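Undergrad: One structure, pasted below without further comment.
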Amino acid sequence: SGASMACIERGRCVDTTMGMTPLAGMVMGTRSGDVDPGIPLHLAQSMGLSMREVDTMLNKDSGLLGLCGSSDMREVEEAALRGDKDALLAERVFVQRVRKYVGSYLVRLHGEVDALV
407 SGASMACIER GRCVDTTMGM TPLAGMVMGT RSGDVDPGIP LHLAQSMGLS
457 MREVDTMLNK DSGLLGLCGS SDMREVEEAA LRGDKDALLA ERVFVQRVRK
507 YVGSYLVRLH GEVDALV
């Protein structure tokens, strides 16, 4: 499952959480979202992984799944309500990313926002 945000001004997208690939931006069900650019090289060197294996790790084994064992936000929320520490962490990471991008977009739009959808 994916997640992205876009900043729309006068009907035109002026910013988005997506980069060249969907790996950038929001933490997603299985994707890490934004990470330090040095992390892929560090993972490859420290764990003896190929770049293909690192790509798989960041795109298919990270995000909510890597943080708490589930890529389904409904399951993450249910587990968090039960007090599961990993699910609570996954929720905090997701919400922090949402806040980061909403704040950035508010600045971009000079605080003039019609709606958040």
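Convert by adding 406 to the 1-based position in the sequence shown; the result is the number in this note's numbering.
Glycine is no exception: its CB is placed at the ideal position from the N, C-alpha and C atoms.
All values reported here derive from a predicted model rather than from experimental measurement.
1. Taking Thr427 as part of the beta strand (DSSP E), name the residues at either end of that continuous run.
2. Taking Cβ to Cβ, would you say Thr427 is nearer than 8 Å to Ser410?
3. Would Ser407 and Gly439 be called neighbours here (beta carbons separated by less than 8 Å)?
4. Starting from Glu481 and walking both ways along the beta strand (DSSP E), at which residues does that stretch end?
5. Look at the alpha carbon of Leu515 and the alpha carbon of Gly444, and state the distance between them as a whole number of angstroms.
6. Does DSSP classify Glu518 as helix, strand or coil?
7. Using a Cβ-Cβ cut-off of 7 Å (strictly less than) and excluding sequence neighbours within five positions of Leu473, which residues of its own chain qualify?
8. How long is the line joining the alpha carbons of Ala450 and Ser510, rounded to whole angstroms?
9. For Val482, count the other beta carbons within 10 Å of its own beta carbon; 16 or more makes it buried, fewer makes it exposed. Which is it?
10. If Val508 and Leu522 are in contact, beta carbons under 8 Å, what's the gap, nearest whole angstrom?
11. Assign Val412 to one of two classes, buried (16 or more other C-beta atoms within 10 Å of its C-beta) or exposed (fewer than that).
12. What span of residues does the beta strand (DSSP E) with Ala412 cover, start to end?
TA: This is what the structure gives:
1. Counting along the chain, Thr427 falls outside any beta strand (DSSP E), and DSSP gives it neither H nor E.
2. no
3. no
4. No beta strand (DSSP E) contains Glu481, which is instead part of the alpha helix (DSSP H) from Met479 to Leu487.
5. So the two alpha carbons sit approximately 31 Å from each other.
6. coil
7. Asp492, Leu495, Ala496 and Val499
8. Ala450 and Ser510 have their alpha carbons spaced roughly 32 Å apart.
9. Burial call: buried.
10. Rounded, the Cβ-Cβ distance is 7 Å, consistent with contact.
11. Val is not the amino acid found at residue 412; the sequence shown has Ala there. When all chains shown are included, Ala412 counts as exposed.
12. Ala412 to Glu415 is the extent of the beta strand (DSSP E) around Ala412.
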